[in-house]
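Participant: Numbering (UniProt numbering), first residue to last: 1 to 374. A virtual CB, placed ideally from N, CA and C, is assigned to each residue, including glycine.
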């Protein structure tokens, strides 16, 4: 938190121009060189680790600066989501992200999606003041920009990413299953008030809203768009420059939304940043490569790409092993959420993640030993 280049002024429109993936990578290159020199470790090999956007950075760091790191473990790195032109050939489309969310809830309970739709309708139809009170938000704006159920949808989309086999923070183990149990029970009651209460309970659980604490102000995240999108903060700024995701949802998803470049990106970004930036959804692929990296066409070596089937970001991950790429490795966890393998060991870890960590460690030690001999 002490690395903000302009202190509190780092997030002004004038200074945010330096917030680019290219600049982040160059900063890492300089940081690694500085640390190796100051520690007297010029000959020590360095391995990159990262999850989510950090996994994307790990992939791109090894791609663009292979002399800086000898290899990388990129967990839940959705590099493919930025390569729209490569979607069709890799079985990806605008619905992939939200389809995984829908599948997770449907697999948890066959009635869960029906319960979600009923709860969303109940929230939208309830008096606004009652919904504001139930969700413990400060005002109607905090519920979302397009409907009263936006915040609920945002919470539902968050939980599959956090669907870990043990309790984390205020979340129970397997929070998707736990949420479905609450919703299905409320749905069976047939009472709209029960559905609103259930939706509010799940939202507060997912977003760590405490009824005894301060009310929730309007958030950057719930912008009426799946995944993430334009907002006033640093991640919202990057959505307005190079990381806007072209995600839509089907009518049977947790929300009904169709991506539109102008409405989803240009208009909100113009309003947020005084028309100084324009979303470029192909920027990262054009600069670094997209699926070509994972397909072995970019000459990248010594990479591990791990993904979890429960994680909606896995839809844009590198999932298919390339037979001739013997120095690259692919790990897919059937019961894995967002970068589960990067979390510390836990007694309730599925055997597959314990085995994955052991494999990753073995591979990484191999890179280090090989680099140390050269």
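1) Can you tell me whether DSSP reads residue 6 as helix, strand or coil?
2) Could you tell me which of 326, 78, 134, 254 sits nearest to residue 201, measuring between CA atoms?
3) For residue 106, I'd like the list of residues in its chain whose CB is within less than 6 Å of its CB, leaving aside the five on either flank, ordered along the chain.
4) Of the residues 358, 81, 38, which one's Cα is nearest the Cα of residue 314?
5) For residue 152, report the span of its alpha helix (DSSP H) as first-last.
6) Using the Cα positions of residue 361 and residue 304, report the straight-line distance between them to the nearest angstrom.
7) Taking the straight line between their C-alpha atoms, what separation do you get for residue 219 and residue 47?
8) Taking residue 116 as the reference, which of 373, 160, 252, 312 has the closest Cα?
9) Roughly how far, in whole angstroms, is the beta-carbon of residue 282 from the beta-carbon of residue 84, given that I think they are within contact range, below 8 Å?
10) Would residue 364 and residue 73 qualify as a contact pair, given that the criterion is a beta-carbon distance under 8 Å?
11) Give the DSSP bridge partners of residue 303, in chain order.
12) Leaving out the 5 sequence neighbours to the left and right, which residues in its chain are closer than 6 Å to residue 172 when beta-carbon positions are compared?
13) Should residue 255 be labelled buried (16 or more other beta-carbon atoms within 10 Å of its own) or exposed?
14) Residue 273 and residue 97 - do their beta-carbons sit closer together than 8 Å?
15) With a 10 Å radius around its C-beta and 16 neighbouring C-beta atoms as the bar for buried, classify residue 9 as buried or exposed.
16) Check for me: the alpha helix (DSSP H) holding residue 332 runs from which residue to which?
17) So for residue 47, helix, strand or coil by DSSP?
18) If you reduce the DSSP assignment to three classes, tell me which class residue 359 lands in.
19) Given a cut-off of 8 Å on the beta-carbon distance, is the pair residue 186 and residue 195 in contact?
20) Does DSSP classify residue 91 as helix, strand or coil?
21) Is it true that the CB of residue 51 sits closer than 8 Å to the CB of residue 339?
22) Going by DSSP in three states, residue 171 sits in which element: helix, strand or coil?
23) Based on the DSSP output, what are the partners of residue 137 in its beta bridges?
24) Where residue 373 and residue 27 are concerned, what is the direct C-alpha to C-alpha distance, given to the nearest angstrom?
25) Rounded to a whole number of angstroms, what is the C-alpha to C-alpha distance between residue 352 and residue 333?
26) Under the rule that 16 or more other beta-carbon atoms within 10 Å means buried, what is residue 1, buried or exposed?
27) Closer than 6 Å by C-beta to residue 367: which residues in its own chain qualify, once you throw out the five before and the five after it? Chain order, please.
28) Quick one: what does DSSP say residue 366 is sitting in, helix, strand or coil?
29) Is it buried or exposed, residue 357, if we count other Cβ atoms within 10 angstroms and call 16 or more buried?
30) With 16 other CB atoms within 10 Å as the buried threshold, where does residue 23 fall?
31) Identify whether residue 317 lies in helix, strand or coil by the three-state DSSP scheme.
32) Compute the distance between the beta-carbons of residue 63 and residue 293, then report whether it is under 8 Å.
33) Between the Cα of residue 306 and those of 319, 227, 326, 244, spot the shortest distance and give me the residue it belongs to.
34) Roughly how far, in whole angstroms, is the beta-carbon of residue 342 from the beta-carbon of residue 49, given that I think they are within contact range, below 8 Å?
35) For residue 211 and residue 132, I'd like the C-alpha separation in whole angstroms.
36) Can you tell me whether residue 308 is helix, strand or coil according to DSSP?
Facilitator: Reading it off the structure:
1) coil
2) 134
3) Cβ neighbours of residue 106 beyond the five flanking positions: 113.
4) 81
5) 150 to 158
6) 11 Å
7) Roughly 35 Å between the two C-alpha positions.
8) 252
9) 7 Å
10) In contact: residue 364 and residue 73 (Cβ atoms closer than 8 Å).
11) According to DSSP, residue 303 bridges with 72.
12) 178
13) It is buried - the Cβ of residue 255 has at least 16 other Cβ atoms within 10 Å.
14) no
15) It is exposed - the Cβ of residue 9 has fewer than 16 other Cβ atoms within 10 Å.
16) Not the alpha helix (DSSP H): residue 332 falls in the beta strand (DSSP E), residues 329 to 333.
17) strand
18) Residue state for residue 359 is assigned as helix, using DSSP reduced to three classes.
19) Yes, the pair counts as a contact, with Cβ atoms nearer than the cut-off.
20) Residue state, collapsed to three classes: coil.
21) yes
22) strand
23) 216
24) Rounded to the nearest angstrom, the two C-alpha atoms are 28 Å apart.
25) 7 Å
26) Any reading at residue 1 must be qualified, since the residue scores a pLDDT of 49, below 50, and its modelled position is unreliable; no value is offered.
27) Contacts found: 70, 71, 302.
28) helix
29) By the neighbour-count rule (16 or more Cβ atoms within 10 Å), residue 357 is buried.
30) exposed
31) Secondary structure of residue 317 (DSSP, three-state): coil.
32) Contact annotation: residue 63 and residue 293 have beta-carbon atoms nearer than 8 Å.
33) 319
34) Confirmed, Cβ separation roughly 7 Å.
35) 12 Å
36) strand
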